[in-house]
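Order-wise, the sequence lines are chains A and B. Sequence positions in the first sequence follow the numbering used here and run 9 to 581. Sequence positions in the second sequence follow the numbering used here and run 2 to 102. Backbone N, C-alpha and C define an ideal beta-carbon position, used for all residues, glycine too. The structure appears below as structure tokens.
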Amino acid sequence: MVVDDTEAILLLISRFVEALGHSALVARNGQQALEVWREEQPDLVLMDVMMPVMSGPEAAVQIKAEAGATWVPIVFVTGVGEENALADAIERGADDYINKPVNFRVLEAKLKAFGRTLDLNRKVRDQSKTLADYYERAEEEKRVVRHLMEQMVNSERLADPQFEYWLSPAESLSGDLIAAARTPGQALHILLADGIGHGLTAALNVLPLTQPFYSMTEKGYSITDILFEMNAKVRQVLPIGRFVCVSLISIDEVSGTIEIWNAGMPPIQILGADKSVLRICSSSNLPLGIVPSHSLDLVPERIYYKDAGYIVAYSDGLVEARNSSQSEYGLHSLLSIIQSTSASSVIESVQANLLEFLAGEQHHDDVSLVVARFGLNETELQAKLDVESAKPAQQASNIDFNQVGECNWRYSLILSAEELRYVNTIPFMMSFVKEIKSLTHVQSDVFLILTELFVNAVDHGLLRLDSKIKTQADGMEVYLAQRAERLLELQDGRIEIDLMGLRYKDSEMLKIRVKDNGPGFDWGATFSSNDSHSIPSATFGRGIALIRALSVKVQFIGLGNEVEIYYLPKSNT
Amino acid sequence: MTPTVQIEGSVGRVILSGQFDFSAHREFRQVCESIIANPDIKEVLVDFQNVNYLDSSALGMLLLLKEKIAAASKTLALVNCRDTVKQVLEIACFGKIFTIR
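Okay, structure coming up:
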């Protein structure tokens with residue numbers, strides 16, 4: 009755009025500009041210049057300083073203000089004696105000037121120079137727009153993944169009085185994952201996982217773990233089975249070179265057993281009631297996603313406890329958090345703050361301690377920490393079991409067995425030795441139980457009863473294992489080793505399981521029948537009365553006592569290799 | 002970090018230095034590709050002599066390298082692993098799938 013109030017100069021310059029291959033717009037004062045600029049958005053403005061209506065510098069200021077981020081070069085064409093006005097104009101945003109009379113050689117050179125700068129300017133603007141688009145897209149993707157993670161991680165289930173956790177991502181998305189769920193038998197499963205790197209890709213790496221973890225835990229699968237599936241899933245969905253470090257912890261308060269499997273995570277610390285370190289479970293496995301499931305050793309470390317204590321599991325981001333002097337937080341600091349704190353929330357003390365240590369620095373990797381407790385309600389649990397075994401939850405005398413009606417549904421399963429070796433029977437049956445309306449709210453009870461009956465039939469009925477072994481030192485290990493060995497050798501074992509839904513008044517009663525083809529036992533002598541306290545060993549008796557406590561009737565039949573129990577679901581309120 | 006390569010007969014040695022993490026991704030890949038493409042090299046050694054830090058994305062890069070080297074029918078060993086490097090490899094149990102010397 010050429011702006012001048014002298015017609016001759018206006019004509020001269022615009023012709024020259026057109027001769028150079030540009031197209032020229034004309035305006036005769038500042039006001040007009042502004043109007044034309046608004047209308048046509050020219051790339052460059054050549055403007056006189058002194059003009060009627062509105063001066064050049066005034067128009068320049070206005071144009072610059074309206075152009076905003078878009079760069080519009082403004083070049084003043086000045087006469088002698090206008091230096092002050094010119095200086096002022098340049099100060100307020102004009103880009104260059106050229107003296108009158110116009111030297112066309114210089115004007116041409118200047119237009120070329122501005123052309124180059126304009127090209128560069130446009131390129132930068134395009135790139136920064138692309139960058140801004142990328143950024144927005146990335147933010148949107150993060151938002152979606154964050155939502156997805158929150159849904160899949162299910163923080164509701166993390167609100168469990170048995171453990172505390174803390175997860176602090178290094179970026180807006182975490183590559184660390186903490187998940188927890190309980191089996192139908194109330195064993196607590198805690199998953200702590202760390203994907204490669206941090207941010208979006210790390211978060212995507214850990215997501216495939218959640219689905220097998222929750223669904224299999226809910227069906228009562230062991231952590232070995234869950235790990236097998238998680239590894240298969242990670243291998244299936246992640247590219248080579250991506251893997252996930254995992255530790256999976258199971259705490260079964262009923263049997264007083266902890267199971268820990270650690271692959272690539274820092275050593276898990278088992279603390280006693282006084283918070284001294286009792287045992288360390290170091291990583292002894294390849295992270296998930298590297299080798300096929302069958303070449304992993306998925307047998308967890310087992311710990312049997314009688315007293316209360318703590319399990320401390322964390323990601324490397326916590327102990328490797330560095331402050332401004334490049335020293336690491338370290339396991340020692342973590343353990344000493346856990347040991348010295350008397351606050352009810354151990355995690356809060358650790359948070360405060362780490363914050364103080366970092367003194368304003370950011371941790372560079374995702375930080376996660378789980379402090380779980382075990383042996384908590386041992387006495388409480390025992391008391392509950394004792395009371396319940398002495399006084400069944402539903403008084404058998406209140407049940408009128410004459411009112412037990414016909415069968416609504418029936419589910420039967422027969423397994424021979426071959427299947428018993430590899431079928432994970434109870435979780436398999438639980439997926440059926442889950443579908444039965446009258447049982448959905450009492451899955452936990454059904455799971456416990458089924459597990460006890462099945463384990464009794466297999467371990468004692470078929471494999472003839474002696475429960476007394478369990479009471480010796482290391483007894484549980486010996487027992488399990490013997491069990492595995494005998495199961496492998498078992499030739500003609502057979503287990504029948506029937507589940508029946510019987511009509512009872514306006515509700516439904518569950519009848520479970522389990523029969524093995526072993527020689528049975530003298531149940532008449534063992535349970536001389538209905539008094540469960542007469543059962544010899546505490547370890548052995550617990551199972552039967554539990555079943556008695558939960559059900560309305562337990563009946564051994566024939567040789568004692570067949571048992572029927574009746575269970576009345578509590579009303580679903 | 003700029004990895005350097007030494008070739009002695011049929012052995013290609015990739016010498017790493019400093020921090021081996023995701024920022025070394027591109028250089029490491031380029032160096033490894035050149036070694037894999039070299040038909041004279043039968044054995045690849047990744048030398049950790051001068052590495053003082055290694056993170057999980059470096060482990061991922063090693064897994065990728067292992068895969069590519071196996072596809073090219075060459076052998077791979079991780080050598081001169083000390084202190085921090087050794088500790089990280091141990092926690093991840095990489096000794097089960099890598100030759101570490």
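Against chain A, with Cβ distances strictly below 9 Å, would residue i count as a contact?
| i | result |
| --- | --- |
| V15(B) | no |
| S58(B) | yes |
| G61(B) | yes |
| L65(B) | yes |
| E68(B) | yes |
Establish whether the CB of residue i and some CB of chain E are separated by less than 9 Å.
| i | result |
| --- | --- |
| F21(B) | Here the protein chains are A and B, and chain E is not one of them. |
What did DSSP end up calling residue i once you bin it into helix, strand or coil?
| i | result |
| --- | --- |
| T3(B) | coil |
| S348(A) | helix |
| S420(A) | strand |
| S584(A) | There is simply no residue 584(A) to check, as chain A begins at 9 and stops at 581 in what is shown. |
| A95(A) | helix |
| Y105(A) | strand |
| D394(A) | With a pLDDT of 45 at D394(A), under the threshold of 50, the predicted position of this residue should be treated as unreliable, though the coordinate-derived value follows. D394(A): helix per DSSP, three-state reduction. |
| I457(A) | helix |
| A32(A) | coil |
| W45(A) | helix |
| I37(B) | helix |
| I565(A) | strand |
| I444(A) | coil |
| S376(A) | strand |
| H541(A) | Per-residue confidence for H541(A) stands at a pLDDT of 46, beneath the threshold of 50, marking its modelled position as unreliable; no derived number is given. |
| L19(A) | helix |
| T78(A) | coil |
| E414(A) | strand |
| T433(A) | helix |
| R381(A) | strand |
| V560(A) | coil |
Is the closest heavy atom of the ligand ZN to the C-beta of residue i under 8 Å?
| i | result |
| --- | --- |
| G338(A) | In the structure shown, the ligand ZN is absent, as is every other ligand, since no ligand is present at all. |
Going by DSSP, what residue range makes up the alpha helix (DSSP H) through residue i?
| i | result |
| --- | --- |
| F21(B) | Not the alpha helix (DSSP H): F21(B) falls in the beta strand (DSSP E), residues 12–21. |
| G123(A) | 112–161 |
| L256(A) | Where L256(A) is concerned, there is no enclosing alpha helix (DSSP H), although the beta strand (DSSP E) it sits in stretches over 252–260. |
| A68(A) | 64–75 |
| Q490(A) | 483–497 |
| D506(A) | No alpha helix (DSSP H) holds D506(A); the beta strand (DSSP E) holding it covers 502–512. |
| F409(A) | Taken as a continuous stretch (DSSP letters only), F409(A) belongs to no alpha helix (DSSP H), as it is neither H nor E. |
| F99(B) | Where F99(B) is concerned, there is no enclosing alpha helix (DSSP H), given that its DSSP letter is neither H nor E. |
| E336(A) | First-last for E336(A): undefined, no H or E at that position. |
| F365(A) | 354–366 |
| L6(A) | There is simply no residue 6(A) to check, as chain A begins at 9 and stops at 581 in what is shown. |
Could you please give the first and the last residue of the uninterrupted beta strand (DSSP E) stretch that includes residue i?
| i | result |
| --- | --- |
| M55(A) | 53–56 |
| R521(A) | 515–524 |
| K476(A) | K476(A) -> no beta strand (DSSP E), and no H or E assigned at all. |
| L46(B) | 44–55 |
| I82(A) | 82–86 |
| I573(A) | 570–575 |
Can you confirm whether residue i, when its beta carbon is compared against all beta carbons of chain B, has any partner nearer than 9 Å?
| i | result |
| --- | --- |
| F251(A) | yes |
| L294(A) | yes |
| A102(A) | no |
| D260(A) | no |
| A271(A) | yes |
| S291(A) | yes |
| P274(A) | yes |
| D51(A) | no |
| D184(A) | no |
| D96(A) | no |
| D474(A) | no |
| D127(A) | no |
| D373(A) | yes |
Chain A contacts from the segment 77–98 of chain B (Cβ-Cβ distance under 7 Å): I92, A93, C94, K97, I98
Alpha helix (DSSP H) runs contained entirely in the segment 168–242 of chain A, provided each spans 4 or more residues: 208–227
Against chain B: residues of the segment 299–326 of chain A by CB proximity under 7 Å: V299
Complete alpha helix (DSSP H) runs within the segment 63–97 of chain B (minimum length 4 residues, chain order): 84–92
Interface positions of the segment 190–205 of chain A facing chain B (Cβ-Cβ less than 9 Å), listed along the chain: D202, G203, I204, G205
Segments of 3+ residues assigned as beta strand (DSSP E) that fall wholly inside the segment 271–331 of chain A: 276–280, 285–289, 309–312, 317–322
Chain-ordered residues of the segment 214–248 of chain A with a beta carbon less than 8 Å from chain B: I248
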